[in-house]
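Since the structure comes first, as structure tokens, the remarks are kept for the end.
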Amino acid sequence: MGQLTTVEAANWMALYLATGICCAMAFALSIGMMLCAVYRERSWTAVTSWQAALLFVPRTWWRWQKLYLTSMPVTLAIVILFAASMNWG
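Going by our numbering, the first residue of the sequence shown is number 1238, and it counts up by one from there.
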């Protein structure tokens, strides 16, 4: 396998940066949406025992995971379209 050309190396770095930016935006938006939903539903009021407190954390984490993972197709599409628009030659 040969060395990357300067153009290819720059393109790969740009792709990694674009992916990182998209993931950071998805992370921030999913945290915000999850906090809004928890606040709206006042989920912490159901925590009345230590068992309920132990289950509150995984439920909240799962809610965030669903929001974050649903952004994956959009992130993937953005990065693929960005990669397709680059000159790799």
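The beta-carbon is built from N, C-alpha and C at its ideal position, and this holds for glycine as well.
Discussion item. Please state the DSSP three-state secondary structure of Y1280.
Written reply: Residue numbering aside, residue 1280 sits at position 43 when the sequence shown is read from its first letter. The residue asked about is misnamed: residue 1280 is Ser in this sequence, not Tyr. Of the three classes helix, strand and coil, the one that applies to S1280 here is helix, per DSSP.
Item to complete: Count the C-beta pairs between the region 1254-1267 and the region 1279-1291 that are closer than 8 Å, then say yes if the count reaches three, no if not.
Response: no
Worksheet item: DSSP on W1325, reduced to helix/strand/coil?
Response: Taking the first residue of the sequence shown as 1, we reach residue 1325 at position 88. Coil at W1325, not helix or strand.
Discussion item. Excluding the 5 residues flanking W1301 on each side, which residues of the same chain have their C-beta closer than 8 Å to its C-beta?
Written reply: By one-based count along the sequence shown, residue 1301 stands at place 64. Closer than 8 Å at Cβ, skipping near neighbours: S1267, I1268 and M1271.
Item to complete: Could you tell me which of L1306, T1297 and A1320 sits nearest to F1254, measuring between CA atoms?
Response: Along the sequence shown, one-based indexing puts residue 1254 at 17. The identity of residue 1254 in the sequence shown is Leu, whereas the question assumes Phe. Nearest option by C-alpha distance: A1320.
Worksheet item: Would you say I1315 and C1259 are within 8 Å of each other, going by their C-beta atoms?
Response: Translated into the one-based positions of the sequence shown, residue 1315 becomes position 78. Translated into the one-based positions of the sequence shown, residue 1259 becomes position 22. Yes; because the gap between Cβ atoms is below 8 Å, this pair is in contact.
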